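Chemist: Here our numbering runs 118 ahead of the position in the sequence shown, where the first position is 1.
The C-beta atom is built at its ideal place from N, Cα and C for all residues, glycine as well.
All values reported here derive from a predicted model rather than from experimental measurement.
I'd like to ask you about the structure that follows.
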Amino acid sequence: MLTKKENSIKQSIFKRLEECPEHSIFFLNDFAEYGSVETARKILLQARMQGLVTHLSHGIYLKPMRSRFGEVPPSMETIAKEIAERDHVEIMPTGNTAANILGLSTQVPMTVSYLTTGSSRTINIGKRSIKFKHAAPRNFAYKGKTIPLIVQALKEFGEENITEQIKSALSTYMAKANDIETFCDDILLAPSWIQSIIKPIIKS
């Protein structure tokens, strides 16, 4: 049972949840202005029971998006970005996650991986997970997003495994990028073997 004060808080929180767009992500601390964390947790449990929100992970909630086929899950990238924004840290896709974004891999990884300026940890979202690995600030010195994404993906493949098919896919991706003006500066921060692969693509 909720007290009279908690019922008033519940009305405020429910109103906020109802007014937010679908796929909005909430954290327990987002409701600190309404009272204690425990009160917010209790009210969000009621919101879950009424289908207003779903529980993604510890302290993380989602306003679901529904279609005639059922609930539409948000992308793991969206969740990762929201967590980074909450924690005031930078993140960068790495490994298979970077390769997947670039179209170099069609596999949907069960674990999406990011370098972060924050602490290393893994957050489980249902059967999938988001892995954050702390990295040195130099990994975030790039001006744009495309070149560091390529660097992380190519490191995952390894120098000896870079095929003409991979180079062609990179060329296609880079041609559509909206940060082309950063390529010439950013490529200078990449390892020399990656520079030798990417510089001819930039020139072409």
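Roughly how far, in whole angstroms, is the beta-carbon of Leu174 from the beta-carbon of Ile197, given that I think they are within contact range, below 8 angstroms?
Modeler: Translated into positions along the sequence shown, residue 174 becomes position 56. Translated into positions along the sequence shown, residue 197 becomes position 79. The pair is a contact, with the Cβ atoms about 7 angstroms apart (cut-off 8 angstroms).
Chemist: Would Lys213 pass as a contact of Gln270 if the rule is Cβ separation under 8 angstroms?
Modeler: As a first step, residue 213 must be located in the sequence shown, where it is residue number 95. As a first step, residue 270 must be located in the sequence shown, where it is residue number 152. It should be pointed out that residue 213 corresponds to Gly in this sequence rather than to Lys. Taking 8 angstroms as the Cβ cut-off, Gly213 and Gln270 qualify as a contacting pair.
Chemist: Residue range of the beta strand (DSSP E) that Phe250 falls in?
Modeler: Locating residue 250 in the sequence shown gives position 132, counting from the first residue. Element bounds for Phe250: Arg246 to His252.
Chemist: My output table needs one value for Pro318: the three-state DSSP class, helix, strand or coil.
Modeler: Your numbering for residue 318 matches position 200 in the sequence shown. Pro318: helix per DSSP, three-state reduction.
Chemist: Contact defined as beta carbons within less than 8 angstroms: I believe Ala326 pairs with Thr240. What is the distance between those atoms, to the nearest angstrom?
Modeler: Given that the chain is displayed from residue 119 to residue 322, the structure contains no residue 326 and the question cannot be resolved.
Chemist: Taking the straight line between their C-alpha atoms, what separation do you get for Leu307 and Lys285?
Modeler: As a position in the sequence shown, residue 307 is number 189, starting the count at 1. As a position in the sequence shown, residue 285 is number 167, starting the count at 1. Approximately 19 angstroms between the Cα atoms of the pair.
Chemist: Taking the beta strand (DSSP E) that Gly188 belongs to, which residues open and close that run?
Modeler: Locating residue 188 in the sequence shown gives position 70, counting from the first residue. From DSSP, the beta strand (DSSP E) with Gly188 extends over Gly188 to Val190.
Chemist: What residues match up with Phe145 in a beta bridge as DSSP calls it?
Modeler: To locate residue 145, count along the sequence shown from 1; it is residue 27. DSSP lists Ile178 as partners of Phe145.
Chemist: Taking 7 angstroms as the limit between beta carbons, can you name the residues of its chain near Gly276, skipping five residues before and five after?
Modeler: On the sequence shown, position 158 is the one that residue 276 refers to. Here the set comprises nothing.
Chemist: His173 bridges to which residues according to DSSP?
Modeler: Working through the sequence shown from its first residue, we reach residue 173 at position 55. DSSP, once it has assigned bridges, lists Tyr179 as partnering His173.
Chemist: In three-state terms, what does DSSP make of Ile243?
Modeler: Along the sequence shown, one-based indexing puts residue 243 at 125. In this structure, Ile243 counts as strand in the three-state DSSP scheme.
Chemist: DSSP state of Tyr152, grouped into three classes?
Modeler: Along the sequence shown, read from residue 1 onward, the residue named residue 152 stands at position 34. Note: Tyr152 maps to helix in three-state DSSP.
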